[in-house]
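*Asks:*
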Amino acid sequence: MSRAERRPSMAERRNSFLSSPMQSVGTPLVVPHLAGIEDPLPDTTPEKVDVLIAGTGMVESVLAAALSWQGSNVLHIDKNDYYGDTSATLTVDQLKQWVNDINSNSSKCYENAKLYISKTLSQRNKYQSRDFGIDLSPKILFANSDLLSILIKSRVHQYLEFQSLSNFHTFENDSFEKLTNSKQEIFTDQSLSLMTKRNLMKFIKFVLKWEEQPEIWKPYTDRPIIDLLLEKFKLEREQIFELIFSIGLCYNLESKTVGALQRIRRYLTSFDVYGPFPVLYSKYGGPGELSQGFCRSAAVGGATYKLNLQLVSYNPTTKEATFNDGSKVKVEEKVIMSPTQTASDSKNVPDQPYEVHRLTCIAEKSCSQWFAEGESAAIVVFPPNSLKSNNRQVVQAFILGSGTETCPAGTSIWYLSTTETGSRAELDLDAALEALEVSLIRETSTEFENENGILEFGPNGESIINSVKLGKSFKEYIPRDKIQFLLKLYYTQYTSTPVFDVVKDEFFNRKHDANQELLIPGASDNGVIFSSMPSAEISYDEVVTSAKVLYEKIVGSDDDFFDVDFEEDEVPTGSRTAPVEYENTFEEDDDEDIEMSNSNVEEAVGEMEI
Amino acid sequence: MHGIKRRQWTEELLKQKKLQDQKKISEYRDLTKTVLDKKRKEIYTLETFDLTTQVLKINPEFNSVWNYRRDIINSLRDGLAIESWEDELNFTMAQMKVFPKVYWIWNHRVWILNNYPNSPLKIWQRELVIASKVLEMDARNYHAWHYRRIIVNEIEKISGKSMDKSELEYTTLNINQNISNFSSWHQRAKLLPRMFSTDEVMDKKKFINDEVSYITNAMFTDAEDQSVWLYIKWFIKNEIVSKTLSGDEYQKMLKDLKNNILAINEDEVEFSGVQNNWCLKILIVIEDIETSLGITNTSNKTEYIEQLIEADPLRKNRYMHLLNKH
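For the record, the sequence lines run as chains A and B. Residue numbering for the first sequence follows full-length UniProt numbering, beginning at 1 and increasing consecutively. Residue numbering for the second sequence follows full-length UniProt numbering, beginning at 1 and increasing consecutively.
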């Protein structure tokens, strides 16, 4: 495989990071520089390793880093010439190649990839292939989540830049409603009735400590969450949909109480951790960036990296692994492989019965009206039955603007996905795309600006946009100009992880466990432990759990999973760093971690009531 | 602990830290000795001024040094350019950022403003913006609230115009952001009577009705927030309400409020099986007012008090006292 063009790696973007390793005065850089990422093709393969990992996706990369820091000797390979595998962030050209690969090999992981590229994009005048970073499985990061703690603990966050995302829109009655989820919004919202305000606040207070109040939710354990919200909290449809589908990011009306409560709380407890927003995403690309960061950390911890290398066969008896370049390695402990990395005669790939249908578009519109001030991303959720296609499942859309550095100015990337199965899925995705398109045209049009009755004034003179009226007039509006799409990509992805769930330990306890000696004659992947493909989950929440399960399979327990303490390397210094003010993007410096700066702020403002 | 860096104190590190600390302590001791010595000798020079800066940077709680600093400024006053006063404001600002709750810094800043040549209106107006900024960072910093009142007072004195209206808007803004901002509710309670007495309110009845909607809204948003209930208790008993509204209107206002409180309490009982104590307490207050107005309706006061005693036995005697008051 020839070396294709690629987007600058995180190390290349950060010149200062490379050229002056001791730039930060207070703290010496704990993570030294690494050859692995900048030079992905080391000359030699080691003769013997503890663990061989094939595939540099998110879970595999976290696992590689955890194992390296635990002291295991890891060889981490990928058959592709880029990092990320199932989590990759690709250029347009890389994406073309990826689609060709999917369609020419019958893969059990992806299917039905259809790629449309506009003339404007293919002519290369206005845009270059590498202006874009397209995620194969885009993800958002909750501010209060296990992955975020590990990013900080492992210091991988130092390689990354994060931005905030506060706009979650719910698509209802042909228009986008912005969430009312904080106490201040509930208090000041003039469209909510007094009793609704009370009920909403009551629910928010409850959900933060729901486990302690079984008397409230126990009767609803096996019932859909909607019953609890309707009967116990007497909430109205609009609030219920926001809670279940936008805040909870659930997939359908059947979502069960306990799981949904956990998901609703996840959002609420993430709010105000780093500022008035629940979610973050990484600049320059999502999971592709994060996996690269963890690979880098793994390499620092001693792992060896080789791209363009595929495992051809593994012999669980001799423990010998053979690669496509003819080289061999002895694996002392385990071989972990992503289902995307298998060689031709693999026969142990686990069933992947669950479908995720994705539609990724690049629009020639900035979409800034959907973003909060100073931000460049938004989530739009289409609840069941909100679309023309009478969708049974939710369609989730993750919109990224050029501020994320994944697309040039004046464009935006729209990631749509659904857990609907079969041919209905594409209809739902198309209907959601159309809804987005129509509403974007309406919102960018200036025709409504001064129409009577849309802009109203509140009792204190503040202007209120009457969204109900806006919705009505929108319905009668026929868009004149269409949005130009530079790229559209449909594909179906398969996974072993059911929706609304994390990977189960049993998943790995299959016949291909080497200890059980259930080997399939002639298979190239006997004794290999397979990782699972990313699920439909739009957040990173499954990643750490999946990596931990695999870690436990190898090490025996997950007690020392990222049990690293880089703080020791610090020398006490006299001066304290000034509190860092929050400014939408928190760009990490190399000399202070997030928790530290946050605690300083709190200390400085203190808390005292009159 | 969350947010606090765990540090492994090896012996080597401890030794280093101890050495560092020792050095710092002896430097500080020498410095304060020198400064206090010069203070006693009443040496007022730029050099001694700089010495006070050094001490106060390390220890802003040292009020004698602040006093000394003011003495120095006073004696050098004639030779000081405007920039020096600005520098002094900047110095206290820098200190305030690091130590937002030290009385002496706030105190010194007020002194500078008062002694600033001609003490012009614009420096006070600028100061008001600063005070708002500080309150934005911590809405409950009572130093900043106190400071704000001083500044507003001064601006009103210099300009001869009342700022009550804009200050009331300021409390609304704060409460909208956080309904539990007790300082803002308190400030509101201070502003309203003044505004009513100086005829700053154009349509008093409308004002009262709007305020009733506002507190009703707050009560439904969070019926467990005591700052809202305390404000309601103050509001319904205050004469700005009872004198602005006609007898009938006042009674109706109380009745509506009572019905809303009863609705909240019933909802509470239905949801959790227990009554909301604040609802009961305010219902008692309303019934007391109604009794004093001579409205003859069947009083539920005894019942409410019995329920309160049951729900909140630790305050039994206080409730008994309420019961026997009449």
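C-beta: ideal position from N, C-alpha, C; glycine also.
Skipping 5 residues on each side, what residues in its chain have a beta carbon closer than 7 angstroms to that of R424 (chain A)?
*Replies:* So no residue of the chain qualifies.
*Asks:* Whose C-beta lies closer than 8 angstroms to the C-beta of W185 (chain B) among residues of the same chain, with five residues either side of it excluded?
*Replies:* Excluding positions up to five away in sequence, the list reads T171, I175, S227, V228, L230, Y231.
*Asks:* What residue range does the beta strand (DSSP E) around K48 (chain A) cover?
*Replies:* Taken as a continuous stretch (DSSP letters only), the beta strand (DSSP E) holding K48 (chain A) covers 48-54.
*Asks:* Which bits of chain B does I186 (chain A) rub up against, with CB to CB less than 7 angstroms?
*Replies:* In chain order: T221.
*Asks:* CB R155 (chain A) to CB V207 (chain A), shorter than 7 angstroms?
*Replies:* No, these two residues do not count as a Cβ contact at 7 angstroms.
*Asks:* Measure the beta-carbon distance from V59 (chain A) to S535 (chain A) and round it to whole angstroms, keeping in mind my assumption that it falls under 8 angstroms.
*Replies:* So it is not a contact: roughly 11 angstroms between Cβ atoms.
*Asks:* Starting from K488 (chain A), follow its DSSP beta bridges and name the residues at the other end.
*Replies:* DSSP output for K488 (chain A) lists A:Y116, A:C361 as bridge partner(s).
*Asks:* What residues of chain A sit near Q52 (chain B), judged by a beta carbon separation below 7 angstroms?
*Replies:* Note that residue 52 (chain B) is Thr in the sequence shown, not Gln. None at all; the shortest Cβ gap to chain A is about 21 angstroms.
*Asks:* Check distances from the C-beta atoms of the segment 155-184 of chain B to those of chain A and list, in chain order, the residues that come in under 7 angstroms.
*Replies:* Residues passing the 7 angstroms Cβ filter: N176, Q177, N178, I179, F182, S183.
*Asks:* For E212 (chain A), count neighbouring Cβ atoms within 10 angstroms of its own Cβ and tell me buried if that reaches 16, exposed if not.
*Replies:* Under this definition E212 (chain A) is an exposed residue.
*Asks:* Just to confirm my understanding: we take E552 (chain A), look at its own chain, exclude 5 residues before and 5 after, and list those with CB closer than 7 angstroms. What are they?
*Replies:* Answer for E552 (chain A): D558, listed in chain order.
*Asks:* Nearest-angstrom Cα distance between R194 (chain B) and Y274 (chain A)?
*Replies:* Looking at the two C-alpha atoms, the distance is approximately 40 angstroms.
*Asks:* Please state if the CB of W145 (chain B) and the CB of H108 (chain B) are separated by a distance shorter than 7 angstroms.
*Replies:* No. Outside cutoff.
*Asks:* In the structure shown, what three-state DSSP assignment does Y354 (chain A) receive?
*Replies:* It is a strand residue.
*Asks:* Which class does K330 (chain A) belong to by DSSP, given the choice of helix, strand or coil?
*Replies:* Reduced to three states, the DSSP call for K330 (chain A) is strand.
*Asks:* Nearest by alpha-carbon distance to T91 (chain A): which of A:E405, A:A299, A:D146, A:E420 is it?
*Replies:* With distances taken between Cα atoms, T91 (chain A) lies closest to A:E405.
*Asks:* Name, please, each residue of chain B whose Cβ falls closer than 8 angstroms to the Cβ of K202 (chain A).
*Replies:* Ordered by position in chain B, the residues that pass the 8 angstroms Cβ test against K202 (chain A) are F271.
*Asks:* Could you work out which residue in B:H143, B:R148, B:A139, B:D138 is closest to R126 (chain B) when comparing CA atoms only?
*Replies:* That would be B:R148, whose Cα lies nearest to the Cα of R126 (chain B).
*Asks:* Less than 7 angstroms between the beta carbons of W414 (chain A) and A397 (chain A), yes or no?
*Replies:* Result yes, Cβ atoms of W414 (chain A) and A397 (chain A) sit closer than 7 angstroms.
*Asks:* Where does T244 (chain B) sit, in a helix, a strand or coil, going by DSSP?
*Replies:* In this structure, T244 (chain B) counts as helix in the three-state DSSP scheme.
*Asks:* Using the rule of at least 16 other Cβ atoms within 10 Å of the residue's Cβ for burial, across every protein chain shown, is Q239 (chain A) buried or exposed?
*Replies:* Classification for Q239 (chain A): buried.
*Asks:* The alpha helix (DSSP H) spanning Q187 (chain B) covers which residue range?
*Replies:* Element bounds for Q187 (chain B): 182-197.
*Asks:* Beta-carbon of L268 (chain A) versus every beta-carbon of chain B: anything under 7 angstroms?
*Replies:* No, because no Cβ of chain B sits closer than 7 angstroms to the Cβ of L268 (chain A).
*Asks:* Kindly indicate which residue of A:Y494, A:L433, A:I379 has the alpha-carbon position closest to the one of V356 (chain A).
*Replies:* Out of A:Y494, A:L433, A:I379, A:Y494 has the C-alpha closest to the C-alpha of V356 (chain A).
*Asks:* In whole angstroms, what separates the C-alpha of N391 (chain A) from that of Y251 (chain A)?
*Replies:* Cα to Cα, the separation comes out at about 11 angstroms.
*Asks:* Cβ closer than 8 angstroms: which chain A residues qualify as neighbours of I264 (chain B)?
*Replies:* By Cβ distance, chain A contributes R198.
*Asks:* Please report the straight-line C-alpha distance between I105 (chain B) and A94 (chain B), rounded to a whole angstrom.
*Replies:* About 10 angstroms.
*Asks:* For a contact defined as C-beta to C-beta under 8 angstroms, what are the partners of K365 (chain A) on chain B?
*Replies:* Here the premise fails: no neighbours, minimum Cβ distance about 33 angstroms.
*Asks:* Output the boundary residues of the beta strand (DSSP E) element that contains S282 (chain A).
*Replies:* Looking at the DSSP string, the run of the beta strand (DSSP E) that includes S282 (chain A) is 279-282.
*Asks:* Of the choices A:Q484, A:L519, A:D430, A:D146, whose alpha-carbon is the least far from that of T317 (chain A)?
*Replies:* Cα-wise, what sits closest to T317 (chain A) is A:L519.
*Asks:* For chain B, find out if any of its Cβ atoms is closer than 7 angstroms to the Cβ of L230 (chain A); answer yes or no.
*Replies:* Not closer than 7 angstroms to any Cβ of chain B, the Cβ of L230 (chain A) fails to qualify, so no.
*Asks:* How far does the beta strand (DSSP E) with S132 (chain B) in it extend, from its first residue to its last?
*Replies:* Not the beta strand (DSSP E): S132 (chain B) falls in the alpha helix (DSSP H), residues 121-137.
*Asks:* Could you spell out the range, first to last residue, of the beta strand (DSSP E) harbouring V98 (chain B)?
*Replies:* Element bounds for V98 (chain B): not the beta strand (DSSP E) but the alpha helix (DSSP H), 82-98.
*Asks:* Short of 6 angstroms in beta carbon distance, which residues of its chain neighbour K319 (chain A), apart from the five on each side in sequence? Order them along the chain.
*Replies:* The residues are K330, V331.
*Asks:* Quick one: residues in its chain with C-beta nearer than 6 angstroms to the C-beta of S524 (chain A), no 5 flanking neighbours on either side, listed in chain order?
*Replies:* Cβ neighbours of S524 (chain A) beyond the five flanking positions: S313, A343, D345, S346.
*Asks:* Output, in sequence order along the chain, the residues in the segment 234-252 of chain A whose CB is closer than 7 angstroms to any CB in chain B.
*Replies:* If the cut-off is 7 angstroms between Cβ atoms, the segment 234-252 of chain A has nothing near chain B.
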